[in-house]
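Chains as they are written, first to last, in the numbering used here: chain A, 1 to 265; chain B, 1 to 202. Don't be surprised by glycine CBs; every beta carbon is placed ideally from N, CA and C. As the structure is a prediction and not an experimental result, all values here were calculated from the model.
Here's what the structure looks like:
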C-alpha cells in the first residue's frame with residue numbers, strides 16, 4: 001500500500017515539476033484570475049436580477065461558480081492528458097508498470113485537482129481583498145472536504161471519458177459537455193432562470209448539489225434544500241459513479257489492448 | 001493477420017534475436033510479450049505468470065524498450081525519470097535510492113543526471129531509456145531495435161546490462177531487421193509470413 005501511495009505521489013510530483021518548468025504559466029494564471037473577477041465584478045454592478053438581493057450577492061454567486069468550474073475542468077482534462085501521453089509514448093510506460101494504467105490515470109488527476117484548489121483559494125482571496133467579497137469564515141473550512149468529495153465525483157466522469165479516449169482514441173464533445181455542465185448546474189446563473197422542461201436535469205446530476213453546497217459554505221448563500229440532503233446526494237453520486245468510472249476505465253484499457261487502439265498513436 | 005502460430009520459448013540465461021523485414025510483426029510480437037496488447041488467440045507466460053491475469057507481478061519481472069526515442073518527458077531530468085519509473089515499478093523503499101543511483105552509475109549517466117531530457121542528445125536519451133528498462137532488475141528484457149543512435153560505448157553499456165540479466169538467469173529478446181555482429185546471441189530466428197524460423201545460434 002505504501003509503495004502504491006509513493007507511485008501516486010511520484011505522478012503528482014512529475015506533473016508539478018512539468019508545470020513549474022514553464023515559469024510564466026503560474027503568473028499568467030494568477031493574473032487572468034484577477035481579470036476574470038474584474039469582468040464579473042463590473043457585470044454584477046451593471047445588472048439587476050430579481051433573484052438576487054444585491055449586485056454583491058450575484059458577484060458572490062458567480063465567484064464560487066468560477067472556482068467550481070476550474071475544479072470540474074481540472075478533472076475532465078484527464079482524457080486529453082492521457083491522449084497526449086499516449087502520443088508521446090509515456091503512458092505506455094505506465095501501462096507496463098506494476099502500478100498499472102488505471103491507478104496511473106487516477107493519479108494523473110491529483111495534480112490538476114490540487115492546482116484547481118490552489119487557484120480556487122487564490123480566486124476567493126482576490127475577490128475578498130480587491131472586490132469586497134464576504135466570505136463566510138465560520139463554515140469555510142467545511143468547504144474543503146466537500147470540495148474534495150465534489151472533485152472525486154467529477155473525476156468519475158473523467159474516468160468514463162478517458163475510457164472512451166483509450167478505446168476510440170477520441171472523446172468528442174468535451175467542450176460541449178463543459179458548457180452543458182455550466183448551464184444545468186447554475187455555475188453562472190441560477191437554475192431557476194432555466195425553462196421548466198430542462199430544469200429537471202439540474203436534479204439528476206452531481207454538479208448542482210456540489211455547487212449549491214459550496215456556495216452555502218463559502219459565501220453563505222441560502223439553499224433551496226437542506227445542506228444535508230445536498231451532501232447526501234453528492235455522497236451517493238460519488239459512491240456510485242467513482243467505482244463505476246474505475247471499472248469502465250479498466251474495461252477500456254483491456255479493450256484497448258485487445259483492439260490495439262492503446263498503441264496506435 | 002500479422003502473427004500466426006508463433007511459438008517461442010526463451011531459455012534462462014539466453015540472449016535471443018528475432019529479425020525480419022519491416023512490417024513483418026517484430027514489434028507486435030514484443031508488444032504481446034510485454035503485455036501491452038492482447039493477441040486474438042494464444043498465450044504468453046513467464047514462469048507461470050500471465051501478462052493480464054497476474055499483471056502487476058508479471059510487469060515487475062519484465063523490462064521493455066520500445067523502438068525510437070519515445071516515452072520520455074522533455075522537461076524532467078534523467079534522475080527524475082529514473083525516480084518516477086522506480087516508483088511506478090513499486091520498488092521497496094529501502095532499495096529505491098540505491099537502485100536509482102546504481103543504474104545512473106551503470107549507464108555512465110552521472111554527469112547527465114540533473115540535466116533535462118530536452119537537453120540531451122539522441123544517444124544519451126537512449127541510455128536513459130535503457131536505464132528505465134533495466135532499473136527494476138527484470139528477468140525478461142524485451143528490446144525493440146535498441147541500437148538506435150548509439151555509439152560504441154553505448155553498445156558496450158547495453159551489453160553490460162544484458163550480461164547482468166543473463167548472469168542471474170534472466171533472458172532477453174531483441175528484435176531488429178538484421179542481427180548486429182557485436183551482440184553474442186544464443187538463438188537467432190526470423191519472422192517470415194507470420195511464423196518464426198530458426199536461423200541457428202551463436
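Can you tell me which of the three DSSP states residue i falls into?
i	result
residue 138 (chain A)	coil
residue 169 (chain A)	coil
residue 168 (chain B)	coil
residue 151 (chain B)	coil
residue 115 (chain B)	coil
residue 245 (chain A)	helix
residue 63 (chain B)	strand
residue 77 (chain B)	strand
residue 195 (chain B)	strand
residue 203 (chain B)	Residue 203 (chain B) lies beyond the stretch modelled for chain B, which goes from 1 to 202, so this question has no answer here.
residue 35 (chain B)	coil
residue 20 (chain B)	coil
residue 261 (chain A)	coil
residue 225 (chain A)	coil
residue 28 (chain B)	helix
residue 51 (chain A)	coil
residue 46 (chain B)	strand
residue 3 (chain B)	coil
residue 173 (chain B)	strand
Return the chain-ordered list of same chain residues with a C-beta closer than 8 Å to the C-beta of residue i, the five sequence neighbours on each side being excluded.
i	result
residue 118 (chain B)	74, 75
residue 15 (chain A)	108, 110, 111, 112
residue 179 (chain B)	17, 19, 185, 188
Where do the ends of the beta strand (DSSP E) carrying residue i lie?
i	result
residue 189 (chain B)	187-192
What are the boundary residues of the alpha helix (DSSP H) that residue i is part of?
i	result
residue 204 (chain A)	Run containing residue 204 (chain A): none; DSSP gives neither H nor E here.
residue 203 (chain B)	The first residue shown for chain B is 1 and the last is 202, placing residue 203 (chain B) beyond what the model contains.
residue 13 (chain A)	2-21
residue 70 (chain B)	Segment: none, residue 70 (chain B) is in no alpha helix (DSSP H) and carries neither H nor E.
residue 182 (chain A)	174-184
residue 125 (chain B)	122-134
Within the same chain, show all residues whose beta-carbon is closer than 7 Å to that of residue i, passing over the 5 residues directly before and after it, in chain order.
i	result
residue 140 (chain A)	217, 218
residue 91 (chain B)	99, 136
residue 207 (chain B)	No answer is possible for residue 207 (chain B): it lies beyond the span of chain B, which begins at 1 and ends at 202.
residue 94 (chain A)	101, 104
To which residues of the same chain is residue i closer than 6 Å at the C-beta, ignoring the five residues directly before and after it?
i	result
residue 142 (chain B)	30, 33, 34, 64, 173
residue 7 (chain A)	99
residue 57 (chain B)	49
residue 156 (chain A)	241, 242, 245
TODO: Scan the region 73-147 of chain A and note each continuous alpha helix (DSSP H) run of 4 residues or more that stays entirely inside, going in chain order.
DONE: Along the length of the region 73-147 of chain A, whole alpha helix (DSSP H) runs at least 4 residues long occupy 78-88, 90-95, 101-107, 110-131, reported in chain order.
TODO: Can you give me, in chain order, the residues of the region 82-96 of chain B that have a beta carbon less than 9 Å from any beta carbon in chain A?
DONE: Within the region 82-96 of chain B, 83, 84, 85, 86, 87, 88, 89, 90, 91, 92, 93, 96 place their CB atoms closer than 9 Å to a CB of chain A, listed in sequence order.
TODO: Identify each residue in the region 91-105 of chain A for which the Cβ-Cβ distance to at least one residue of chain B is less than 8 Å, and report them in chain order.
DONE: Sequence-ordered contacts of the region 91-105 of chain A with chain B read 92, 93, 94, 95, 96, 97, 98, 99, 100, 104 [C-beta pairs closer than 8 Å].
Open item on the list: What are the residues in the region 114-125 of chain B lying within 7 Å of chain A by C-beta distance?
Closed with: The residues in question: there are none.
- [ ] Give the residues from the region 53-77 of chain B that approach chain A closer than 8 Å (Cβ to any Cβ), ordered along the chain.
- [x] Answer in chain order: 55, 56, 57, 59, 60, 62, 64, 66, 68, 70, 71, 72, 73, 75, 76.
TODO: Residues of the region 160-176 of chain A with a CB closer than 8 Å to any CB of chain B: list them in chain order, please.
DONE: The residues in question: there are none.
TODO: Could you name the residues of the region 108-126 of chain A whose beta carbon sits closer than 8 Å to any beta carbon of chain B, in the order they occur along the chain?
DONE: Going along the region 108-126 of chain A in chain order, one finds no residue with a Cβ nearer than 8 Å to chain B.
Open item on the list: Beta carbons nearer than 8 Å to chain A: which residues of the region 23-36 of chain B have them?
Closed with: Of all residues in the region 23-36 of chain B, those with a C-beta nearer than 8 Å to a C-beta of chain A are 31, 34, 35, 36, reading in chain order.
Open item on the list: Please identify, using Cβ separations under 7 Å, the residues of the region 13-27 of chain A that lie next to chain B, in order along the chain.
Closed with: Answer set for the region 13-27 of chain A: 14, 17, 18, 21.
- [ ] Compile a chain-ordered list of the residues in the region 36-48 of chain B whose CB is closer than 7 Å to at least one CB of chain A.
- [x] Contact residues of the region 36-48 of chain B toward chain A are 36, 37, 38 (C-beta to C-beta distance below 7 Å).
- [ ] Give, in chain order, every residue of the region 243-261 of chain A whose Cβ lies closer than 7 Å to some Cβ of chain B.
- [x] So the list reads 257, 258, 260, given in the order they occur along the chain.
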